[in-house]
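See structure below.
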Amino acid sequence: MTALDAGALLAAAQTETGLSDYGDDPSFATRFGKAVDHLNGIAMDDAGRRAAAEVCHWLLTSRLQLFADRRRYPVVDEVIERPMFATGEPRSGTTLMHALMSVDPDARALRFWEVMRPSPPPGLSDGQDDPRRAQADTDWREINAKMPKWLHCHPYNDMLGDGLPEDERCWAMDFRVMTPTAWWRVPMQTLSMGLPTDPVAQYRIHKAMLQQFQYARPKKYWVLKGFHGFRLKEFFDAYPDANLVWLHRDPVQVAASRTMMMADIMDGIVGAIDLKAEAKMHLQMTRASIANTMSNPLVNDPRIHHVRYRDFVADPVGTIRGYYAFCGRTLSSAAETAMRDYLRHNRGDRYGKFEYSTKLLTDIGEDIEALHEEFAPFRARFGVEIEKRN
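Take any residue in the sequence shown, note its place counting from 1, add 157, and you have its number in the working numbering.
Dropping the structure here:
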């Protein structure tokens with residue numbers, strides 16, 4: 158198969174949908190071209206290249222349909238009021254916190270079946286028989302079969318199409334990131350850096366997605382999760398009445414755990430990867446994130462609620478109750494019961510124990526005690542203790 162052609166892919170999406178408006182982003186076509194250049198630079202066989210073209214077509218047609226809906230229905234009038242977000246380093250408990258908040262009957266969370274195929278607005282059908290649910294379930298069975306190790310560290314994937322995407326998944330059709338939950342059929346590593354970024358535009362399309370999924374539905378408050386620490390100004394500009402709970406964990410454990418997690422994910426997509434190279438990259442990313450946390454003055458914003466990972470693990474529901482109180486909300490008895498039921502029926506090791514070791518870091522020449530010393534100011538600021546594991 159010949160190289161992918163960005164112009165031809167854009168034209169094909171427009172021909173299929175009969176639409177031409179990709180949204181109020183004049184840089185979109187250029188950015189898509191850069192994403193295609195990246196794909197063309199990856200050594201793939203014809204099957205991989207065809208899969209990449211199919212994913213591009215899926216994301217492009219979804220984007221065209223989303224913006225057509227915004228003209229067809231009064232979606233833009235939807236107000237996103239006092240959303241509650243969770244953030245933190247990878248492997249810091251944010252997914253469990255998000256999962257627990259999502260079972261609050263008064264809350265609404267993003268769902269994969271919606272984000273994967275956002276048009277038409279789900280509120281116009283909003284039934285268990287919406288065919289997008291079955292399509293997303295099928296997609297997720299394929300993902301889980303292809304990446305079985307992912308379930309060890311992320312058992313939430315058994316929710317299939319009803320699972321909880323991170324906020325960043327909204328940017329897949331914006332070609333800002335290339336995540337496994339969009340690109341699992343393509344033999345390539347996840348790309349979370351390297352494509353052009355524009356936080357203002359990214360939160361604009363994120364809000365457009367929330368409006369799409371809120372339209373024509375009963376009023377609920379949003380509970381969401383993403384990695385917002387590097388974009389706090391733009392985050393609060395987009396959602397000035399939002400609150401953010403920020404979980405903090407020992408960075409040494411974060412670096413080791415996230416390395417093994419991504420190795421397990423990539424094993425199913427591209428095969429075994431260089432663990433030493435992966436560890437170096439994830440330690441560098443952890444260092445950059447901790448440096449941002451320590452230097453960004455907005456980390457002290459009064460809309461942010463800082464929580465220790467250790468405290469959340471010790472009392473998940475109590476920690477969430479504290480976050481609700483911080484937001485001026487009361488955790489209802491129905492929500493608390495649903496959260497405790499979730500914990501009782503969804504053990505974290507239900508697909509086997511996720512195993513990793515800080516040996517991943519010593520194998521690349523790092524000294525663990527030196528790393529603890531390096532991160533001591535962070536631990537002191539947020540009351541995080543050195544985490545000892547067997």
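Backbone N, C-alpha and C define an ideal beta-carbon position, used for all residues, glycine too.
Helix, strand or coil at residue i according to DSSP, with G and I counted as helix
{"i": "residue 379", "result": "strand"}
{"i": "residue 201", "result": "coil"}
{"i": "residue 248", "result": "coil"}
{"i": "residue 429", "result": "coil"}
{"i": "residue 265", "result": "strand"}
{"i": "residue 335", "result": "strand"}
{"i": "residue 346", "result": "coil"}
{"i": "residue 436", "result": "helix"}
{"i": "residue 313", "result": "helix"}
{"i": "residue 360", "result": "helix"}
{"i": "residue 238", "result": "coil"}
{"i": "residue 457", "result": "helix"}
{"i": "residue 231", "result": "helix"}
{"i": "residue 546", "result": "coil"}
{"i": "residue 373", "result": "coil"}
{"i": "residue 355", "result": "coil"}
{"i": "residue 326", "result": "helix"}
{"i": "residue 284", "result": "coil"}
{"i": "residue 408", "result": "helix"}
{"i": "residue 192", "result": "helix"}
{"i": "residue 180", "result": "coil"}
{"i": "residue 276", "result": "coil"}
{"i": "residue 260", "result": "coil"}
{"i": "residue 469", "result": "helix"}
{"i": "residue 341", "result": "coil"}
{"i": "residue 321", "result": "coil"}
{"i": "residue 385", "result": "coil"}
{"i": "residue 187", "result": "helix"}
{"i": "residue 445", "result": "helix"}
Terminal residues of the beta strand (DSSP E) in which residue i lies
{"i": "residue 400", "result": "400 to 405"}
{"i": "residue 465", "result": "461 to 465"}
{"i": "residue 243", "result": "241 to 245"}
Exposure label - residue i; buried when at least 16 CB within 10 Å
{"i": "residue 383", "result": "buried"}
{"i": "residue 368", "result": "buried"}
{"i": "residue 245", "result": "buried"}
{"i": "residue 462", "result": "buried"}
{"i": "residue 272", "result": "buried"}
{"i": "residue 490", "result": "exposed"}
{"i": "residue 359", "result": "buried"}
{"i": "residue 188", "result": "buried"}
{"i": "residue 181", "result": "exposed"}
{"i": "residue 386", "result": "buried"}
{"i": "residue 405", "result": "buried"}
{"i": "residue 173", "result": "exposed"}
{"i": "residue 452", "result": "exposed"}
{"i": "residue 236", "result": "exposed"}
{"i": "residue 194", "result": "exposed"}
{"i": "residue 219", "result": "buried"}
{"i": "residue 541", "result": "buried"}
Limits of the unbroken alpha helix (DSSP H) element including residue i
{"i": "residue 474", "result": "473 to 483"}
{"i": "residue 297", "result": "288 to 303"}
{"i": "residue 172", "result": "163 to 174"}
{"i": "residue 394", "result": "389 to 395"}
{"i": "residue 534", "result": "533 to 539"}
Reference residue i; option with closest CA among the options
{"i": "residue 492", "options": "478, 505, 521", "result": "478"}
{"i": "residue 263", "options": "294, 471, 496, 405", "result": "496"}
{"i": "residue 247", "options": "311, 525, 171", "result": "311"}
{"i": "residue 276", "options": "332, 486, 225", "result": "225"}
{"i": "residue 335", "options": "423, 314, 510", "result": "423"}
{"i": "residue 430", "options": "309, 438, 436, 420", "result": "420"}
{"i": "residue 521", "options": "353, 412, 315", "result": "412"}
{"i": "residue 455", "options": "393, 359, 287, 297", "result": "393"}
{"i": "residue 295", "options": "441, 442, 524, 317", "result": "317"}
{"i": "residue 190", "options": "205, 172, 210, 400", "result": "210"}
{"i": "residue 514", "options": "438, 187, 432", "result": "432"}
{"i": "residue 494", "options": "233, 197, 174, 259", "result": "259"}
{"i": "residue 166", "options": "221, 202, 397, 303", "result": "221"}
{"i": "residue 327", "options": "356, 467, 200", "result": "356"}
{"i": "residue 417", "options": "526, 332, 364, 511", "result": "511"}
{"i": "residue 215", "options": "339, 344, 415", "result": "339"}
{"i": "residue 314", "options": "253, 354, 365", "result": "253"}
{"i": "residue 396", "options": "381, 407, 194", "result": "381"}
{"i": "residue 460", "options": "498, 399, 196, 236", "result": "399"}
{"i": "residue 242", "options": "446, 539, 378", "result": "378"}
{"i": "residue 293", "options": "403, 390, 268", "result": "268"}
{"i": "residue 192", "options": "352, 266, 184, 223", "result": "352"}
{"i": "residue 179", "options": "303, 325, 331, 196", "result": "331"}
{"i": "residue 285", "options": "319, 464, 508, 298", "result": "319"}
Hey, which unbroken runs of the alpha helix (DSSP H) at 4 residues or more fall wholly within the segment 482 to 526?
The segment 482 to 526 contains these whole alpha helix (DSSP H) runs: 490 to 502, 516 to 519.
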